[in-house]
Amino acid sequence: MNQRDGNKRVAFACMDIFLGLNGARLEAGPDDVIAFIYRHLEAGTFRKPVLEEWLRAHVIPTQL
Numbered sequence: 460m461n462q463r464d465g466n467k468r469v470a471f472a473c474m475d476i477f478l479g480l481n482g483a484r485l486e487a488g489p490d491d492v493i494a495f496i497y498r499h500l501e502a503g504t505f506r507k508p509v510l511e512e513w514l515r516a517h518v519i520p521t522q523l
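With this note's numbering applied, the sequence shown corresponds to residues 460 to 523, in that order.
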């Protein structure tokens, strides 16, 4: 059985780890991420291209 809030937290943590391992980080706080996701879920516009555009605007490289 899936627990939606738990799934979101796990997905966010996995993305954060993935970015860190690949020399990048998300330049947005958890509240910003949640607001983005819910805004698009409520509008029915949460699609891969929308997420990709948002990530490109909010992921920055880190110094290795």
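Backbone N, C-alpha and C define an ideal beta-carbon position, used for all residues, glycine too.
Between P520 and A483 the beta-carbon gap is near 5 Å, inside 8 Å, which marks them as a contact. About 16 Å separates the Cβ atoms of A472 and H517, ruling out a contact at the 8 Å cut-off.
Apart from the 5 residues on each side of it in sequence, I496 sits with its Cβ closer than 8 Å to the Cβ of K467, F505 in its chain, given in chain order. DSSP lists P520 as the beta-bridge partner residues of A483. A direct Cα-to-Cα measurement between A502 and E511 gives close to 17 Å. Per DSSP, the continuous alpha helix (DSSP H) segment holding F495 begins and ends at 489-502.
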